[in-house]
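Asks: If you read the sequence shown in this note's numbering, its first letter stands for residue 571, the second for the next number, and so on. Even for Gly, the Cβ is constructed at its ideal location relative to N, Cα and C.
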Amino acid sequence: MSTAEVVDFAQAASAASAASAASAAGTAGTANAAGASDSVAAKSASDYFSVAGLNAFYGDSYIVQDVSFDVNEGEIIALLGRNGAGKTSTLRAIARADQPELRSGQILLQGQPVHEMAAYQASLAGVALVPEDRRIIPGLTVEENLDLAVIAGERGWEYERIYSLFPRLKERRKQEGTTLSGGEQQMLAIGRALAKDLKLLLLDEPYEGLAPVVRQDIEKALLEVREAGITTIIVEQNAVAALKISDRAIILDTGEVAFKGSAKEVLDDEALRHEYLAI
Ligand SMILES: Nc1ncnc2c1ncn2[C@@H]1O[C@H](COP(=O)(O)OP(=O)(O)O)[C@@H](O)[C@H]1O
Ligand SMILES: [Mg+2]
């Protein structure tokens with residue numbers, strides 16, 4: 571990770587950052603162009619979390635195209651699709667990352683207008699993105715990585731609870747985070763999200779590069795997280811593994827929603843899986 575990214579992360583973790591506040595003032599309210607369709611979408615959407623008519627761009631490239639879905643409290647939703655379908659872009663748009671740029675659409679988390687927020691505000695509102703590269707902060711121990719996560723905002727799970735979910739983190743809590751195995755770094759990245767008062771956990775490829783036995787540890791933990799009432803959207807190339815722990819699935823194809831239904835429907839529909847997931 572570059573120094574700039576470390577700084578970026580630290581700023582996202584700190585609501586006190588004047589630089590973030592200034593950038594928030596510049597970006598708030600830029601995603602309000604959806605207009606009259608907002609109220610229609612809002613009426614039919616889940617009270618817990620919904621996105622309606624999301625349109626997001628990288629420069630001139632129109633990537634997230636009119637994406638709408640809703641999520642009930644306590645669900646695990648699998649967000650699937652082939653490589654390049656727009657899954658990461660959709661998660662980043664929801665977490666209010668600078669790129670892709672959200673040009674229109676509505677993101678509501680328990681009625682809070684996330685589409686009007688900067689990234690650090692979305693984080694304080696309870697949106698926790700665990701990115702594909704996990705972003706463990708170099709030079710900090712496991713526990714210091716947790717400490718950094720809770721600098722700003724309301725506290726979530728106590729460290730002991732995180733350590734009982736991931737006992738390997740407890741054993742390694744004084745070890746530098748970047749020296750952990752891939753699976754342990756994923757556990758730390760999830761633990762760091764849980765240490766904050768989160769309302770929506772967004773996981774981008776959490777199983778990537780992990781041996782099946784390590785993946786199973788994480789699956790078990792994610793089911794415990796659901797038992798605790800936390801709502802999760804999981805993006806995974808390993809669609810079957812994601813569907814196994816998910817209640818419902820959304821499939822993206824070239825940036826658009828191609829399917830919404832139960833996880834079981836996808837597992838049972840070979841033609842659908844073949845068409846959109848290549849499995
Ligand atoms: N930073 C970027 N700049 C320009 N295009 C991008 C960028 N990131 C991703 N894309 C493009 O957006 C599309 C969707 O990418 P992504 O959301 O990463 O897909 P997925 O996560 O489903 O594999 C792809 O065509 C990809 O090339
Ligand atoms: Mg991706």
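Am I right that threonine 824 and alanine 648 are in contact with their C-beta atoms under 8 angstroms? What's the rounded C-beta distance?
Replies: Actually they are not in contact, since the Cβ atoms of threonine 824 and alanine 648 sit about 18 angstroms apart, beyond 8 angstroms.
Asks: Using the Cα positions of glutamine 669 and tyrosine 628, report the straight-line distance between them to the nearest angstrom.
Replies: So the two alpha carbons sit approximately 6 angstroms from each other.
Asks: Kindly provide the chain-ordered list of residues whose Cβ lies closer than 6 angstroms to any non-hydrogen atom of ligand 1.
Replies: Result: Tyr628, Ser631, Ile633, Gly651, Asn653, Gly654, Ala655, Gly656, Lys657, Thr658, Ser659, Gln669.
Asks: By Cβ distance below 8 angstroms, which residues in the same chain neighbour aspartate 767 in space, the five residues on each side in sequence not counted?
Replies: Once the five neighbours on either side are set aside, the close Cβ partners of aspartate 767 are Gly696, Gly723, Glu724, Arg725, Gly726.
Asks: Could you check what DSSP says for serine 659 in three-state terms: helix, strand or coil?
Replies: Note: serine 659 maps to helix in three-state DSSP.
Asks: What residue range is occupied by the uninterrupted beta strand (DSSP E) comprising isoleucine 732?
Replies: That residue, isoleucine 732, is in no beta strand (DSSP E); its alpha helix (DSSP H) goes 729 to 735.
Asks: Would you kindly report the start and end of the unbroken alpha helix (DSSP H) that includes aspartate 717?
Replies: Aspartate 717 -> alpha helix (DSSP H) spans 712 to 719.
Asks: Using a 10 Å radius around the Cβ and a threshold of 16 neighbouring Cβ atoms, would you call serine 816 buried or exposed?
Replies: The residue in question, serine 816, is buried, as its Cβ has 16 or more Cβ neighbours within 10 Å.
Asks: Quick one: what's got a C-beta closer than 7 angstroms to serine 659's C-beta in the same chain, skipping five residues either side?
Replies: Around serine 659: Ala626, Ile633, Val634, Pro670.
Asks: Counting along the chain, where does the beta strand (DSSP E) carrying leucine 772 start and finish?
Replies: Here the beta strand (DSSP E) through leucine 772 covers 770 to 774.
Asks: Can you find a heavy atom of ligand 2 that lies under 7 angstroms from the Cβ of glutamate 778?
Replies: Flag unset: Cβ of glutamate 778 not near ligand 2.
Asks: Say the cut is 7 angstroms; is the CB of aspartate 774 nearer than that to a heavy atom of ligand 2?
Replies: At least one heavy atom of ligand 2 is nearer than 7 angstroms to the Cβ of aspartate 774, so yes.
Asks: In this structure, what does DSSP give as the bridge partners for isoleucine 803?
Replies: Note: isoleucine 803 sits in a beta bridge opposite Ile647, Leu772.
Asks: Comparing the CB of valine 637 with every heavy atom of ligand 2, is any distance shorter than 7 angstroms?
Replies: No - ligand 2 has no heavy atom lying nearer than 7 angstroms to the Cβ of valine 637.
Asks: How about the segment 759 to 776 and the segment 791 to 808: do they share at least three Cβ pairs that are nearer than 8 angstroms?
Replies: Result yes; three or more Cβ-Cβ pairs closer than 8 angstroms.
Asks: With distances taken Cα to Cα, identify the nearest neighbour of leucine 661 among Gln682, Asn642, Ser620, Gly644.
Replies: Answer by Cα proximity: Ser620.
Asks: Between glutamate 826 and ligand 2, is there a pair consisting of the residue's CB and a ligand heavy atom that are separated by less than 7 angstroms?
Replies: Not so, every heavy atom of ligand 2 lies at least 7 angstroms from the Cβ.
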